[in-house]
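Trainee: Structure incoming, see below.
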Amino acid sequence: MKAINFKIEKKLEGFLGRVGELSTPHGVILTPSFVVVGTKGTVKSLTPSQLKELGTPVVLANTYHLYLQPGDELIRDAGGLHKFMNWDGPMMTDSGGFQVFSLGVAYGKELSKVVSVTDPSLLISERSVVEDGVPRLATVGNDGVSFRSHIDGSLHYITPEKSIEIQHNLGADIIFAFDECTSPTENDRYQDEALSRTHAWAKRSLIEHKKRELIKETTPAILFERSSDEGGRGARPFQKEQRASSQNTFPQALFGIVQGGRSKELRQKSAEAIGSMDFDGFGIGGSFAKEDMSSAVKWVNEILPEEKPRHLLGIGEPEDLFSGVENGVDLFDCVGPTRIARNGTLFTENGKINISNAKFVKDFGSVDNGCECYTCKNYTRSYLSHLFRAKEMLGATLASIHNVYFITNLVKKMRQSILDNNFFEFKKEFLDSYLKDNNIEE
RNA sequence: GCGUCGGUGGUAGAGCGGUCAAUUACAACAGACUGUAAAUCUGUCGCCUUCGGGCUACGUAGGUUCAAAUCCUACCCGACGCA
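Counting from 4, one number per residue, gives the positions in the first sequence under my numbering.
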């Protein structure tokens, strides 16, 4: 049984972009699509019904976070993450690969998904566990990664097999191979080394995944049902193993992740290697310099098998979404819309605004003219400004509703514009307005 | 009326002779945020500045001292106690 089915409906003439339909056991995702991030099994400040209402097609949770808290086995016993968090739509889980980066070399530094590589102070000259007095919480070995929990300091070791095991316990429709996300500030030798590791880990993730999928397929459905009476009449042989691996009866899809930093050669090498493995789809990972992003995506997507879906990991600024779609990306996820919302920044067709700025205190207009979201239809900038100044929780919720709607809808409009043969007109019209303030100022 | 304690920057509240334009918190004003270590973090926050510094400030007015938010005197205001 195939976990997902991907069908390309239309291509962007002369470019890598395309419109498609991705079927999962929990519903269909129309691509390109924006995936909202719910790291710990919740999209911060939003309920699943609010997500449904604003049109979120798919949610991405995180392996590392849920493994630490509340534990993947608990979630398995709760009936899987869909049931646990009450989200019945399509779901993905990240492998924990990004935490290798964010808790590793990036820990305590100004390093993130998008960095300025022109800043020489960020260049990593030597690899030590403690830099500038800040100990890393993740250290990379060839077999896996040691993590020091950011919650209680306990030590954990995650291997590709472990990541897949956790992700099978969580039970998302689409899961990711365990990879090493490197910083663009690493030197060439390290990038190359890390890439070999990511490729080896991809292979191991795939083997572990296939093994577990096979158990699901060949084990009678009856065994998937949990016996409610703990320890009842003598445990069945194999029960523990089968329960552990097969709580979720529906098949899961595994995406491999392409890395390679800034180097064209490594990006292409990675796309060749990962693209030739039997994954259901692909993630494009890494921390980028802004100006490198579209070229890196293009190098990779020219090589990856066209008929499989591609997910650009962790990218979500409007201008980046346009270039991603143009260059053949089908899925994006990003914490941006929800994080900046909680911090008072809102998307508008004229660029981002910080709602807590003094000028919005008495602004009785809606957040974004013409926006159809719940927040814009019912509340004023003044009210949101008040909520943020008063530190009321509803501020985070209303702002998140708007930002998630804005970005989700933006990608939907891109999709429609490809179908309507006016993608580039739409792109120009949107970006002219969205970026205009930045352009005037400089 | 007598006595005691106290009056510090938008607010609360440190400081009790020089290192004080004054710790800290909050408020205010900006900024950052891209597979979430994040309802977080950063900067500014008396006035002027050629960024060296200059000027005005710790209830008001005097005084002591080389030097006062800090000590003394009077006055004004507040809290509490006694009449």
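Beta carbons: idealized from backbone N, C-alpha and C, even for Gly.
Expressed to the nearest angstrom, what Euclidean distance is found between the alpha-carbon atoms of Tyr-110 and Lys-430?
Mentor: The sequence position of residue 110 within the first sequence is 107, counting from 1. The sequence position of residue 430 within the first sequence is 427, counting from 1. Rounded to whole angstroms, Tyr-110 to Lys-430 spans 36 Å at the Cα level.
Trainee: Short of 7 Å in beta carbon distance, which residues of its chain neighbour Val-61, apart from the five on each side in sequence? Order them along the chain.
Mentor: Locating residue 61 in the first sequence gives position 58, counting from the first residue. Same-chain partners within the cutoff: Ile-32, Ser-36, Val-38, Gly-92, Pro-93, Met-94 and Met-95.
Trainee: Would you identify the three-state DSSP class for Tyr-193, choosing helix, strand or coil?
Mentor: Along the first sequence, read from residue 1 onward, the residue named residue 193 stands at position 190. Tyr-193 falls in the helix class under three-state DSSP.
Trainee: Looking at the structure shown, is Asp-336 part of a helix, part of a strand, or coil, going by DSSP?
Mentor: Position 333 of the first sequence, counted from the start, is the residue given in the question as residue 336. It is a strand residue.
Trainee: Quick check: the Cα distance between Ile-277 and Thr-27, rounded to an integer number of angstroms?
Mentor: For the purposes of this step, residue 277 is taken as residue 274 along the first sequence, with counting starting at 1. For the purposes of this step, residue 27 is taken as residue 24 along the first sequence, with counting starting at 1. Each residue's alpha carbon lies about 22 Å from the other.
Trainee: On the CB-based measure, 16 or more other CB atoms within 10 Å of its CB, does Ala-393 come out buried or exposed?
Mentor: Taking the first residue of the first sequence as position 1, residue 393 is located at position 390. Ala-393 comes out exposed.
Trainee: By Cβ distance, which residues of its chain are closer than 6 Å to His-212, with the 5 residues on each side in sequence left out?
Mentor: Within the first sequence, numbered from 1, the residue matching residue 212 stands at position 209. The answer, listed in chain order, is Ile-167 and Leu-257.
Trainee: Using the C-alpha atoms, what's the distance from His-389 back to Asp-182?
Mentor: Here residue 182 refers to the residue found at position 179 when the first sequence is read from its first residue. Here residue 389 refers to the residue found at position 386 when the first sequence is read from its first residue. So the two alpha carbons sit approximately 43 Å from each other.
Trainee: Measure the alpha-carbon distance for Gly-264 versus Gln-271 and round it to whole angstroms.
Mentor: Position 261 of the first sequence holds residue 264. Position 268 of the first sequence holds residue 271. Their backbone Cα atoms lie some 11 Å apart in a straight line.
Trainee: Identify the continuous alpha helix (DSSP H) that holds Arg-313 and give its terminal residues.
Mentor: The residue labelled residue 313 in the question sits at position 310 within the first sequence. Note, Arg-313: premise wrong, no alpha helix (DSSP H); beta strand (DSSP E) at 313-315.
Trainee: For Ile-356 and Gly-347, I'd like the C-alpha separation in whole angstroms.
Mentor: Looking up residue 356 in the first sequence gives position 353. Looking up residue 347 in the first sequence gives position 344. For Ile-356 and Gly-347, the distance between alpha carbons rounds to 8 Å.
Trainee: Check whether the Cβ atoms of Arg-21 and Lys-10 sit closer than 8 Å, and answer yes or no.
Mentor: Position 18 of the first sequence, counted from the first residue, corresponds to residue 21. Position 7 of the first sequence, counted from the first residue, corresponds to residue 10. No, they are not a contact pair.
Trainee: On the DSSP bridge list, what partners appear for Ala-256?
Mentor: Walking along the first sequence from the start, residue 256 turns up at place 253. The partner list for Ala-256 (beta bridge, DSSP) reads Ile-177.
Trainee: Would you call the region 283-293 and the region 40-51 touching, i.e. three or more CB-CB distances under 8 Å?
Mentor: Judged by Cβ distances under 8 Å, the region 283-293 makes no contact with the region 40-51, as fewer than three pairs qualify.
Trainee: To the nearest angstrom, report how far apart Leu-217 and Phe-433 are at their CA atoms.
Mentor: Mapped onto the first sequence, residue 217 falls at position 214. Mapped onto the first sequence, residue 433 falls at position 430. Each residue's Cα considered, the two are about 47 Å apart.
Trainee: Thinking just about the alpha-carbon of each residue, which of Val-328, Glu-310, Glu-428 and Lys-214 is nearest to the one in Phe-18?
Mentor: Taking the first sequence and counting its residues from 1, the one referred to as residue 18 is at position 15. Comparing Cα-Cα distances from Phe-18 to each of Val-328, Glu-310, Glu-428 and Lys-214, the minimum goes to Val-328.
Trainee: Can you give me the Cβ contacts of Glu-428 inside the same chain, cut-off strictly under 8 Å, excluding the 5 residues immediately before and after it?
Mentor: Against the first sequence, residue 428 aligns to sequence position 425. Correct list, in chain order: Ser-420.
Trainee: How about Thr-383 and Asp-371: do their beta carbons lie closer than 8 Å?
Mentor: To locate residue 383, count along the first sequence from 1; it is residue 380. To locate residue 371, count along the first sequence from 1; it is residue 368. No. Outside cutoff.
Trainee: Given Lys-206, which residues of its chain have a CB within under 6 Å of its CB, disregarding the five upstream and five downstream residues?
Mentor: Position 203 of the first sequence holds residue 206. Closer than 6 Å at Cβ, skipping near neighbours: no residue.
Trainee: Note the first and the last residue of the continuous alpha helix (DSSP H) segment covering Asp-323.
Mentor: Residue 323 sits at position 320 when you count from the first residue of the first sequence. 321-329 is the span of the alpha helix (DSSP H), which, as asked, contains Asp-323.
Trainee: Can you tell which of Glu-113, Glu-322, Lys-116 and Phe-104 has its C-alpha closest to the C-alpha of Ser-436?
Mentor: Position 433 of the first sequence, counted from the first residue, corresponds to residue 436. It is Glu-322.
Trainee: Between the region 56-76 and the region 149-161, do at least 3 Cβ pairs fall closer than 8 Å?
Mentor: Touching, yes, given that three or more Cβ pairs across the two stretches are closer than 8 Å.
Trainee: Let me confirm a value: Pro-312 is counted as buried when at least 16 other C-beta atoms fall within 10 Å, else exposed. Which label applies?
Mentor: The count along the first sequence starts at 1 and reaches residue 312 at position 309. Buried, because 16 or more other Cβ atoms sit within 10 Å of the Cβ of Pro-312.
Trainee: Put Ser-157 into one of helix, strand or coil per three-state DSSP.
Mentor: Residue mapping note: residue 157 aligns to position 154 of the first sequence, counting from 1. DSSP places Ser-157 in coil when its eight states are reduced to three.
Trainee: Just checking Thr-188 against the ligand NAD - is the residue's beta carbon closer than 7 Å to any of the ligand's heavy atoms?
Mentor: As far as ligands go, the structure on display features none, and thus does not contain the ligand NAD.
Trainee: Curious, which full-length alpha helix (DSSP H) runs of at least 4 residues does the region 65-129 contain?
Mentor: Segments of the alpha helix (DSSP H) lying fully in the region 65-129: 66-71, 75-80, 84-88 and 100-105.
Trainee: According to the neighbour-count rule (16 or more other Cβ atoms, all chains shown, within 10 Å of its Cβ), is Thr-221 buried or exposed?
Mentor: Mapped onto the first sequence, residue 221 falls at position 218. Exposed is the call here.
Trainee: Helix, strand or coil, according to DSSP, for Gly-286 in the structure here?
Mentor: On the first sequence, position 283 is the one that residue 286 refers to. Here Gly-286 sits in strand by DSSP.
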